[in-house]
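A.B. asks: Anchor point for the sequence shown: position 95 equals 97 in the numbering used here, and the numbering is continuous, going up by one each time. The structure that follows is given in the form of structure tokens.
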Amino acid sequence: MFDVDNNEGEVRFNTQYWRVNVDPSERYVLSVVDSSQFRLPTDGSIFDNLYITGDWIKTGVNAGCVEAAVMAGMQTSRAITGYPKSISGESGFEPFNL
């Protein structure tokens with residue numbers, strides 16, 4: 003756990019933000035302004051041979067929805083097997099070159 007002052011023990015613990023999500027509406031990833039830059043791609047883990055997937059990773063949608071979950075699963079499949087070659091909507095929010 004990160005502490006900018008590198009404290010130890012209870013002091014380090016007390017510098018952390020702690021939250022217990024108890025309501026179902028609090029157990030979901032948000033898509034707030036400028037947050038897409040922090041989403042990891044399926045192969046963005048620091049561990050070898052580990053692929054992440056779910057609607058919270060970097061997809062063309064970058065929102066919590068079934069479409070993003072399907073796209074993420076397809077991206078993970080492509081990272082492992084090479085299939086599918088293309089995913090509809092994967093670059094849907096990239097700026098157009100005018």
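Every residue gets a Cβ at the ideal spot worked out from N, C-alpha and C, and that includes glycine.
What's the C-alpha gap between residue 42 and residue 7?
C.D. replies: Position 40 of the sequence shown holds residue 42. Position 5 of the sequence shown holds residue 7. Rounded to the nearest angstrom, the two C-alpha atoms are 27 Å apart.
A.B. asks: Could you give the distance in angstroms between the alpha-carbon of residue 83 and the alpha-carbon of residue 73?
C.D. replies: Translated into positions along the sequence shown, residue 83 becomes position 81. Translated into positions along the sequence shown, residue 73 becomes position 71. Approximately 15 Å between the Cα atoms of the pair.
A.B. asks: Just confirm the distance between the C-beta atoms of residue 89 and residue 76, as a whole number of angstroms; I'd bet it's less than 8 Å.
C.D. replies: As a working mapping, residue 89 is identified with position 87 in the sequence shown. As a working mapping, residue 76 is identified with position 74 in the sequence shown. Indeed, because the Cβ distance is near 5 Å, the residues count as touching under 8 Å.
A.B. asks: Determine the closest residue to residue 92 out of 12, 70, 10 and 50, with distance taken between C-alpha atoms.
C.D. replies: Position 90 of the sequence shown, counted from the first residue, corresponds to residue 92. Taking only the C-alpha atoms, the option nearest residue 92 is 70.
A.B. asks: Hey, quick one: how far does the alpha helix (DSSP H) through residue 88 stretch, first residue to last?
C.D. replies: Residue numbering aside, residue 88 sits at position 86 when the sequence shown is read from its first letter. Careful: residue 88 lies outside any alpha helix (DSSP H) and carries neither H nor E.
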